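Undergrad: Please see the structure below; I have some questions.
Residue numbers (UniProt numbering): 1 to 1054.
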């Protein structure tokens, strides 16, 4: 089968699809032995499909063979049915300056009606005005500008568009649109009676009739019974938050969350359902069996009656204003809403009454009666006639009250193994639904994973292969392939990898498909993979392309579930898994060799990653072992390296702390530890309060695990274990400069390949035994590598001689092309790298043209052509590269809300590994009350020294004796965290918590942020702390050396 796929890829074949019955072959056996397959199909190249876009394939009937004949019709007779065109916003409109005024003009006029009606009318009016404007501005799709001026205008627009979007693979997207157009046509429909209708007018009538019946409201029954099970759960605080006025920031945040490529992660229900079904599948003992009922609601989102929704929301406790808003949304028919609370309330009520018992995975585990995710529902109960009848009663009541209908043809039953066969048959007859041996999928994931794991997850490989078929490779540039791999291909297995550890073989096969697609393949054999896959998986700043190592990314995703089992203790996910696998609630103490479901064993694979990224935040030090634990804060130095032969193995960090408030025992630390360790320990900040020790994730700012940080940590550990130079993975400014160059994407990609010596030069091909000689075809004197082909060859020398910008480099002797590129960057001349890149690309293009004996430009003209091409590109794209205007200058102002204002700032002195704090207190008149300048031991981050400065400023205000004060700093994060109620488990968070506690002791206080220019006095005080050996305080004045800074603030105030 793989060989057949390879042939399809090499030829670039596409499946033409079919009309008629879906199968073309039958084995002609009876009963359950019958097999139907689609073995026969028409395939063609993309060019053929573009030429014969209307071609269709029909599956015909035959009694003479076990294969059905196929008929290819190049010009099928179809009767086009006139229909109104749905409004679609065209992207080309956005690029025209006349688009925005049209939208503004259509939106401004006021309309009557509810807010939702007003929005709908305005949107409709915008669409009409844009259509009218488009016809005048662009004409119809089949019109082109007439006359000489029109031709010139069209040519200029085409050229500009190519320069802007030349790397956007328009041929690929045009082909995709054509294929979609072939599929997006309904040629026949089958009615409920089995009759096939092909007449276009009758097809439209069938659709109209179906949806009229679907959307017609029906009288509801037994609503009070359903509402009786719904408990009020919306609090007054929730209602206040829901009904308060929307802010501009909330709207912007909501819009940014609606990314086109964003998708929700796996719901807890997936893992809980998998674990429950695994338990039922393996349950062989017990008097009473269990059963799972997978419900399928017929058009669940469409059949829910609006009046039922309104009554449920009232019962739940929603505010009238919010209910009115929701009802306006759904009644416009542009929105839909599903509330499972009615069915959930009936099940909860039956459970409390003892009529339904649910399924428990272990004696101490919670009873699971139902799992709801949108319209996908699983019910669990005992496999008994009594509970079956109760389920039947609940479903009938819910159907009458809500208007929803159960699709019994798609609803299925699953029984535990200890359920007698007679009981199974009786329950099936009562419910009228079939039973199955196992559910194939639940929420898109396999519900049971056996020994054949490759088979269970084979669909992932199939989907990836379908996205990178050979015809797409031929239409996409290498930059386009990069986007397709990152945005589509690597996203396909992500959802599954959140819950399950994919087999190593499958991961390698997927990476193999991606590699072959990236480097391309010809009709004879695959192309050369010039750069190692490990290098491609590193970030662009490290010289790679940012592709994912699938195995490592899989572990990073599973670590998110492991982290949630550590800290999300109120979730049903934690309650189910902890009851079964770690009853003491400590997942870290669980052995990775424990038995369990495949989901549980997959999650445990992430334990090593979590352990490597966890660190201790020092509170009182009673929980932290001095030896063998991560509690230091320096990157790469998180454990003590000192021998500590005289320190017991179970010694705790608390033994290194003394006094009240707690401080480090400097004498003991310096005597026990090496100077390297001692310095790192003494830099760890301590709280003045008695706080417990906490663990946090070391590589994120908020101390919480993220998939990105886990993946990066895995990559770092992998590189550290390789017997190579550690510097080869260090970030190099060269790569960032290349990817930021203002040239087309294809030229950036070319420059990246040239710096990696991954161009198909004669020397590179010779090393891979492709060519018999490494000598340059032009000079025949030297081996042709990238440097020679683009810089040193005498033939290309005439190009660079005519380029005066590079005269300074002609005397240098670089040893590689990447070294030459670095020298170009070091000259730091405007657009020099861009000119160099375009010239090299044109030289390489001429080399290839000459090799193929095709027309090419003379070497003496390439430099001038490069300049012209670059200037033309920059002229078209200059609007996209406008530098942001500098923020306005801000000056210090007295507080509007408090009598005093305290400004604080922190500074880091890298040369001495120390930090400084500056604080100034002023009154409403701008007069100085007190100032402070203090040196501290080298902090670990800028945020840490800013937090220490904030805490010291609050303490200093208390010491001075003021309690009506505004605290102002230039760190956005510190001010935001001081205002936030969210706890941060990092050492930085410990300082923030201290500051909050002290802040609450003040009678009246507030917090504000300013720019550096508005915090100049505090900044100057922090910088001068470099020369302070002890804290210095000035009352009603500032140090003489910063008087001028204070005077500038005072003059600006007046």
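Using N, Cα and C, we set each Cβ at its ideal position, and we do this for glycine too.
Since the model is a prediction, treat every value here as computed from it, not as a measurement.
Leaving out five residues before and five after residue 1098 in sequence, what residues of the same chain have Cβ atoms less than 6 Å from its Cβ?
TA: Limits of the chain in this structure are 1 at one end and 1054 at the other, which puts residue 1098 out of reach.
Undergrad: Determine which residues share a DSSP beta bridge with residue 848 and list them.
TA: DSSP, once it has assigned bridges, lists no residue as partnering residue 848.
Undergrad: Closest to residue 559 by C-alpha separation, out of 891, 580, 536 and 613, would be which residue?
TA: Residue 559 has its Cα closest to that of 613, out of 891, 580, 536 and 613.
Undergrad: Run through DSSP, which three-state label would residue 1063 get?
TA: Residue 1063 lies beyond the residue range present for the chain, which begins at 1 and ends at 1054; the question has no answer from this structure.
Undergrad: Short check: CB of residue 134 to CB of residue 328, under 7 Å?
TA: No; because the gap between Cβ atoms is not below 7 Å, this pair is not in contact.
Undergrad: Answer yes or no: do residue 43 and residue 9 have a C-beta to C-beta separation smaller than 7 Å?
TA: Cβ distance not < 7 Å, so residue 43 and residue 9 don't count as in contact.
Undergrad: Counting along the chain, where does the alpha helix (DSSP H) carrying residue 750 start and finish?
TA: 745-755 is the extent of the alpha helix (DSSP H) around residue 750.
Undergrad: Using the beta-carbon count (16 or more within 10 Å), is residue 446 buried or exposed?
TA: Looking at its Cβ environment, which holds 16 or more other Cβ atoms inside 10 Å, residue 446 is buried.
Undergrad: Here's the rule: buried if 16 or more other CB atoms are within 10 angstroms of the residue's CB, otherwise exposed. What is residue 551?
TA: Counting Cβ neighbours within 10 Å, residue 551 comes out buried, since at least 16 surround it.
Undergrad: Counting only the same chain and skipping the five closest in sequence on each side, list residues whose C-beta sits under 6 Å from that of residue 335.
TA: Reliability of the predicted coordinates at residue 335 is poor, the pLDDT of 39 falling under 50, and the value obtained from them is presented with this limitation in mind. Result list for residue 335: 329, in chain order.
Undergrad: Kindly indicate the opening and closing residues of the beta strand (DSSP E) around residue 695.
TA: From DSSP, the beta strand (DSSP E) with residue 695 extends over 694-697.
Undergrad: Can you give me the start and stop residues for the beta strand (DSSP E) that residue 934 sits inside?
TA: Here the beta strand (DSSP E) through residue 934 covers 928-937.
Undergrad: If I measure Cβ to Cβ from residue 196 and keep anything under 6 Å in the same chain, skipping five residues before and after, which residues do I get?
TA: Same-chain partners within the cutoff: 188 and 190.
Undergrad: Where DSSP assigns a beta bridge to residue 44, which residues make up the other side?
TA: Residue 44 pairs with 14.
Undergrad: Let me check understanding here. Comparing Cα to Cα, which of 241, 708, 461 and 1008 lies closest to residue 902?
TA: Looking at the Cα atoms, 1008 is the closest of the given residues.
Undergrad: Tell me whether residue 1054 sits in a helix, a strand or coil according to DSSP, three-state version.
TA: Coil at residue 1054, not helix or strand.
Undergrad: Which residues in the same chain have their Cβ closer than 6 Å to the Cβ of residue 313, if we skip the five residues on either side of it in sequence?
TA: Hits under 6 Å: 323.
Undergrad: For residue 764, does the count of other Cβ atoms within 10 angstroms reach 16, so buried, or fall short, so exposed?
TA: Answer is buried; the Cβ neighbour count reaches 16.
Undergrad: Taking the alpha-carbon positions, what's the residue 690 to residue 513 distance?
TA: Using only the alpha carbons, I get a separation of about 56 Å.
Undergrad: Report buried or exposed for residue 247, applying the criterion of at least 16 other Cβ atoms within 10 angstroms of its Cβ.
TA: So residue 247 counts as exposed.
Undergrad: Mind checking who residue 371 pairs with in its DSSP beta bridge?
TA: DSSP, once it has assigned bridges, lists 378 as partnering residue 371.
Undergrad: Who are the Cβ neighbours of residue 785 in its own chain at under 6 Å, not counting the five residues just before and after it?
TA: So the list reads 761 and 763, once near-sequence residues are dropped.
Undergrad: What is the rounded straight-line gap between the Cα of residue 934 and the Cα of residue 912?
TA: Taking the straight line joining both Cα atoms gives about 15 Å.
Undergrad: Is residue 663 helix, strand or coil when you go by DSSP?
TA: It is a strand residue.
Undergrad: In the DSSP output, which residue or residues are listed as bridge partners for residue 59?
TA: DSSP lists 70 as partners of residue 59.
Undergrad: Tell me whether the segment 534-542 and the segment 494-508 touch, counting them as touching only if at least three CB pairs, one residue from each stretch, are closer than 8 Å.
TA: No, they do not touch.
Undergrad: Would a check of beta-carbon distances place residue 765 closer than 7 Å to chain C?
TA: Here there is only one protein chain, and chain C is not present.
Undergrad: Return the first residue and the last residue of the beta strand (DSSP E) that residue 907 is part of.
TA: Note, residue 907: beta strand (DSSP E), 900-909.
Undergrad: Tell me the residue span of the beta strand (DSSP E) that contains residue 1006.
TA: Element bounds for residue 1006: 1004-1009.
Undergrad: Give a yes or no on whether the C-beta atoms belonging to residue 1055 and residue 492 are separated by under 7 Å.
TA: Residue 1055 is absent from the model: the chain starts at 1 and stops at 1054.
Undergrad: What's the gap between the Cα of residue 974 and the Cα of residue 381?
TA: C-alpha separation (whole angstroms): 52 Å.
Undergrad: Report the rounded CA-to-CA distance for residue 567 versus residue 457, giving the unit in angstroms.
TA: Distance between the alpha carbons of residue 567 and residue 457: 30 Å.
Undergrad: With a floor of 4 residues, list each alpha helix (DSSP H) that falls wholly inside the segment 625-713, ordered by position along the chain.
TA: Here the runs fully enclosed are 666-672 and 675-682.
Undergrad: So who's on the other strand from residue 290, going by DSSP bridges?
TA: For residue 290, which the question treats as bridged, DSSP gives the partners 382.
Undergrad: Using a threshold of 7 Å, state whether the C-beta atoms of residue 953 and residue 904 are closer than that.
TA: Against a cut-off of 7 Å, the Cβ pair of residue 904 and residue 953 comes out as a contact.
Undergrad: What span of residues does the beta strand (DSSP E) with residue 617 cover, start to end?
TA: Residue 617 -> beta strand (DSSP E) spans 614-617.
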